[in-house]
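Here is the structure we will look at, set down as C-alpha cells.
Residue numbers (the working numbering): 65 to 516.
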C-alpha cells in the first residue's frame, strides 16, 4: 500500500501485468462461446441467406466499432471502459447510462453461459442438478479471478486456445462433407423480415469483445498492446465465425443444426447436431470434440466475469455505488468485492431459469454501449482535439458513423421483436438513472471529477 495512504484505507490501484497475447486470449475468450451455441437460432428466423446477411452487417459493425473503440481505450486506459469514456466525452449523465448498459451486458451474459455449462456437465453427471453445477462454476471462477488477474488471464488463455483448436478440428472434420446445395436449400424462408429477426443471433457471435477495454488499466504499455490484443482477437473471431457457419450448415442444411428431429423445438447446440450427421452420437470423435467444446463455454464465462468486475469496480471508485465495491484487495490486487457482488447478482438471475431472456437483455446492454461509445468518439474529437491519441480510428469519421448506424438499426430490430424484454431493459436504465440523479449526483462524493 502507498505510504501516503492512511492505514486501513481502501486500495484502488490495479497492477499492470497483461501483454498482447494475454489480451488476445481474453478478447477471443469473452466471445467464443457464441460460436458454440445460440447463433443457429437465427437460422430458424432467416434461413442460411437471411442469417448470413445479418451476420455480414454485424461483422461490419464490429470491425468499425472495434477500431473506433480502440482509440478510446488507448487514449483513456481505465477499467470502467465506456463509462469513463462517455463521462469525459459527453457528461456524467450519459456516462452513468453508458456504465449501466455495460453492467447490464456483463452481468446478464454470465448466468446464461453458466446455465449452458450446467446443462453440459449434467450429461456426464446426471445425478447432480444443472443449477448446482452452474452455481459451483460461479464460485470456482469468481475465486480464480480474486486470486489474481495474471492467473485468471493465464487460465483464460489456456482454455481459449483449446476452444479455438476444437473449432478448427470441427471445421476439419465437417468440411469434407460440405455441399453448396445444403447452403442453398430453403435459404431465405422468411425474406427480409427474417434478416431483421436474425440480427440478435448474429450479434451473439461477437458479443463481449469490447471487454478487452476494461483491462486496459492492467495492461503493460496499453497504448500499444490494447490495439494488438483487440485487432488480433477480432481477426480470429471473424475467421472462426465464417468457418463455423459454412462448415456446420454445409453438412446437411440449416434445418439439421436447428431441429434435432422434425417437429422438435429449436436446439442451441448446432455443432453436436452437425457432428452427429457424420460420426453418429456415440463415436469417440464425437465425444472428444464435444468434451473439448466445453472449453468455449468456460472461456467466455470466466472472461466476462473478469470484465464485469472491472466495470463494477469503476462505479465503486466514483461512488455511484458503495465505495467498498471500488476497492482492490490488498494482497491479490484484484477487485474482490466487485467480483463477489457480481456473483450474487448472477446467481439470482440464474435461478430465474430464463436463459433466452437473459441473453436478449444482455444484447440490449451491448447495443446501447456501442451507440454511446461511437457518439463519444465523435464528441471527444471536437471537445478535446489535443488529447493524446496513440491510436486514431482509421477512415474517421466514417468508421464510428457506420458502427453507430448499424448499432441503432440493430437496437430498433431487437426492440420491435422483443417488446416486453425491451420494457424491462429500459426500465432498469430509468430506475438506475433516477437513483443516480436524485440520490447520488447531489452528494459531494459523486461530484468528483474522474482523474485520467
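Where is the CB? At the ideal position from N, CA and C, for every residue including glycine. None of these values were measured; they are calculated from a predicted model.
Among the residues of its own chain, which have a CB less than 8 angstroms from the CB of residue i, if the five just before and after it don't count?
| i | result |
| --- | --- |
| residue 235 | 307, 308 and 311 |
| residue 266 | 103, 106, 115, 118, 119, 121 and 122 |
| residue 219 | 208 and 366 |
| residue 385 | 376 and 379 |
What does DSSP give as the partner residue(s) for residue i in the beta ladder?
| i | result |
| --- | --- |
| residue 82 | 283 |
If I follow the unbroken alpha helix (DSSP H) through residue i, where does it start and stop?
| i | result |
| --- | --- |
| residue 264 | 255-268 |
| residue 137 | 105-139 |
| residue 209 | 194-211 |
| residue 332 | From DSSP, residue 332 is part of no alpha helix (DSSP H); its letter is neither H nor E. |
| residue 97 | 97-100 |
| residue 410 | 400-415 |
| residue 481 | 462-481 |
| residue 424 | 419-447 |
| residue 366 | 348-381 |
| residue 277 | Neither: residue 277 is in no alpha helix (DSSP H) and is coded neither H nor E. |
| residue 320 | First-last for residue 320: undefined, no H or E at that position. |
| residue 153 | 146-153 |
| residue 521 | Residue numbering for the chain in the displayed model covers 65 to 516; residue 521 lies beyond these limits and cannot be assessed. |
Quick check: what's the CA-CA separation for residue i versus residue j?
| i | j | result |
| --- | --- | --- |
| residue 300 | residue 225 | 11 angstroms |
| residue 127 | residue 473 | 16 angstroms |
| residue 486 | residue 321 | 28 angstroms |
| residue 210 | residue 446 | 40 angstroms |
| residue 250 | residue 111 | 7 angstroms |
| residue 430 | residue 161 | 12 angstroms |
| residue 504 | residue 382 | 10 angstroms |
| residue 69 | residue 184 | For residue 69, the predicted structure reports a pLDDT of 43, less than 50, and the residue's modelled location is therefore unreliable. A value from the coordinates is still provided. The alpha-carbon atoms of residue 69 and residue 184 are separated by roughly 47 angstroms. |
| residue 367 | residue 408 | 17 angstroms |
| residue 285 | residue 141 | 10 angstroms |
| residue 466 | residue 364 | 27 angstroms |
| residue 232 | residue 304 | 8 angstroms |
| residue 179 | residue 131 | 32 angstroms |
| residue 325 | residue 478 | 28 angstroms |
| residue 499 | residue 428 | 20 angstroms |
| residue 136 | residue 177 | 29 angstroms |
| residue 492 | residue 434 | 18 angstroms |
| residue 404 | residue 416 | 19 angstroms |
| residue 481 | residue 488 | 14 angstroms |
| residue 426 | residue 460 | 29 angstroms |
| residue 361 | residue 101 | 9 angstroms |
| residue 450 | residue 502 | 34 angstroms |
| residue 331 | residue 437 | 34 angstroms |
| residue 339 | residue 329 | 19 angstroms |
Output needed for residue i: all residues of its chain with C-beta closer than 7 angstroms, excluding positions within five of it in sequence on either side, in chain order.
| i | result |
| --- | --- |
| residue 214 | 81 |
| residue 171 | 372, 406, 409 and 410 |
| residue 247 | 112, 313 and 314 |
| residue 401 | 388, 389 and 391 |
| residue 289 | 83, 84, 87 and 283 |
| residue 457 | 131, 132, 135, 441, 463 and 464 |
| residue 92 | 224, 228, 297, 300 and 301 |
| residue 342 | 237, 238, 241 and 315 |
| residue 419 | 176 and 179 |
| residue 202 | 178, 407, 410 and 411 |
Kindly examine the ligand SAH and report whether one of its heavy atoms sits closer than 7 angstroms to the Cβ of residue i.
| i | result |
| --- | --- |
| residue 259 | For the structure depicted, the ligand SAH is absent and the ligand set is empty, with no information on it obtainable. |
Could you name the residues of the same chain whose beta carbon sits closer than 6 angstroms to that of residue i, not counting the 5 residues immediately before and after it, in chain order?
| i | result |
| --- | --- |
| residue 370 | 209 and 216 |
| residue 168 | 429 |
| residue 293 | 84, 87, 88, 91 and 276 |
| residue 601 | Look at the range of the chain in this structure, 65 to 516, and you will see that residue 601 is not part of it. |
| residue 317 | 246 and 249 |
| residue 423 | 176 |
Can a CB atom of chain B be found closer than 8 angstroms to the CB of residue i?
| i | result |
| --- | --- |
| residue 287 | Protein chain content of the structure displayed is limited to a single chain, and chain B is not contained in it. |
Would the region 344-359 and the region 190-206 be scored as touching if the rule is three or more Cβ pairs under 8 angstroms?
Here the region 344-359 does not lie against the region 190-206, with fewer than 3 beta-carbon pairs under 8 angstroms apart.
Pairs of beta-carbons, one from the region 237-244 and one from the region 333-342, closer than 8 angstroms: are there three or more?
Because the criterion of three Cβ pairs below 8 angstroms is met, the region 237-244 and the region 333-342 touch.
Are the region 110-128 and the region 374-388 in contact at 8 angstroms, needing three or more beta carbon pairs?
Taking one beta carbon from each stretch, the region 110-128 and the region 374-388 have fewer than 3 pairs nearer than 8 angstroms; the two do not touch.
Check whether the region 93-112 and the region 440-458 are in contact - that is, three or more C-beta pairs closer than 8 angstroms.
No, the region 93-112 does not touch the region 440-458.
State whether the region 133-153 contacts the region 272-286, with contact taken as three or more CB pairs (one from each stretch) at a distance under 8 angstroms.
By the C-beta criterion, the region 133-153 is judged to be in contact with the region 272-286, since at least 3 inter-stretch pairs fall below 8 angstroms.
Using 8 angstroms as the cut-off, can you tell me whether the region 146-153 makes contact with the region 412-421, which would need three or more C-beta pairs spanning the two stretches below that distance?
The region 146-153 is not in contact with the region 412-421.
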